[in-house]
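Visitor: Okay, handing you the structure first.
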Amino acid sequence: MSIQHPQRPRWEIDHTLDGLIGRDVRVAAKAVAPPSRNGDTARLFMPVGKLFLPDNSLPGSLPVFFEGRLVRFGRKIGVVVVHLDAPALSDASNEGTASFRGKLAVILHGPAVVELAFPFRVERLPADPDNYWRDLRAPRAQFEFPFASGQSRKAETVPDDAGSLATLFA
Numbered sequence: 183m184s185i186q187h188p189q190r191p192r193w194e195i196d197h198t199l200d201g202l203i204g205r206d207v208r209v210a211a212k213a214v215a216p217p218s219r220n221g222d223t224a225r226l227f228m229p230v231g232k233l234f235l236p237d238n239s240l241p242g243s244l245p246v247f248f249e250g251r252l253v254r255f256g257r258k259i260g261v262v263v264v265h266l267d268a269p270a271l272s273d274a275s276n277e278g279t280a281s282f283r284g285k286l287a288v289i290l291h292g293p294a295v296v297e298l299a300f301p302f303r304v305e306r307l308p309a310d311p312d313n314y315w316r317d318l319r320a321p322r323a324q325f326e327f328p329f330a331s332g333q334s335r336k337a338e339t340v341p342d343d344a345g346s347l348a349t350l351f352a
């Protein structure tokens, strides 16, 4: 006779993260811990506002994002932890304080173990270095449209003054 354990309900974040395992992602961080070499799960997390950045400054109240390849994740009630490896585009990507979609933010690279900030924000990083920089300026700016003239024009989606998204062609 076997005892069946009740299954935990799956949240939307579970489905999102399941689909992104092995991909480069950007996550909004609440706290961070260094990755463990021996797989030890007992970690002491440090609030991201107390991290020292590469230029020896502190993020303070700025939002902090971590970029890296999603290795695995875990969830307890109200807490999601992701394990990130180094991102594939680490040479062509930004690290430190940057303008992120019109506001200052801190962007750091894995490897790291990150506790996600609520509301949970996880997004896939563009694979192309040019699209990476456009994605920092505007969400979903990863599209290029070729036109009949033979020249490729680039389109970007940017928020306008009313808060809705507008598409601009360069």
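Residue numbering for the sequence shown follows our numbering, starting at 183 and increasing by one per position.
For each residue, glycine too, the CB sits at the ideal point set by N, CA and C.
Model, not experiment: these values are computed from the prediction.
On a Cα-Cα basis, can you pick out the residue from 258, 313, 211 that is closest to residue 303?
Guide: Of the candidates 258, 313, 211, the one whose C-alpha sits nearest the C-alpha of residue 303 is 211.
Visitor: Using alpha carbons as the reference points, say which of 266, 207, 265, 243 lies closest to residue 318.
Guide: It is 207.
Visitor: Could you say which of 320, 297, 288, 194 lies nearest to residue 239 if we only look at CA atoms?
Guide: Residue 239 has its Cα closest to that of 288, out of 320, 297, 288, 194.
Visitor: By a C-beta neighbour count over all protein chains shown, 10 Å radius and 16 as the cutoff for buried, is residue 219 buried or exposed?
Guide: Exposed, by the Cβ-count rule.
Visitor: Is the separation between the beta-carbon of residue 263 and that of residue 295 shorter than 8 Å?
Guide: For residue 263 and residue 295, yes; Cβs fall inside 8 Å.
Visitor: Taking its Cβ as the centre, do 16 or more other Cβ atoms sit within 10 Å of residue 200, making it buried, or is it exposed?
Guide: Under this definition residue 200 is an exposed residue.
Visitor: Looking only at its chain, what residues have a beta carbon closer than 7 Å to the beta carbon of residue 209, apart from the 5 residues adjacent to it on each side?
Guide: Closer than 7 Å at the Cβ level, and outside the excluded window around residue 209, lie 247, 248, 264, 296, 298, 303, 304.
Visitor: Measure the alpha-carbon distance for residue 202 versus residue 237 and round it to whole angstroms.
Guide: If I take the Cα positions, the gap works out to 31 Å.
Visitor: Below 8 Å on the Cβ atoms is my contact criterion, and I expect residue 253 with residue 266 to pass it. Report the Cβ-Cβ distance as a whole number of Å.
Guide: 7 Å between Cβ atoms; contact.
Visitor: What's the call for residue 242, buried or exposed, on a 16-neighbour Cβ count within 10 Å?
Guide: With fewer than 16 other Cβ atoms within 10 Å, it is exposed.
Visitor: Have a look at the DSSP bridge pairing and note the partners of residue 297.
Guide: Residue 297 is bridged to 213, 263.
Visitor: Count the other CB atoms, across all protein chains shown, that sit within 10 Å of the CB of residue 269; report buried if there are 16 or more and exposed otherwise.
Guide: Flag for residue 269 reads buried.
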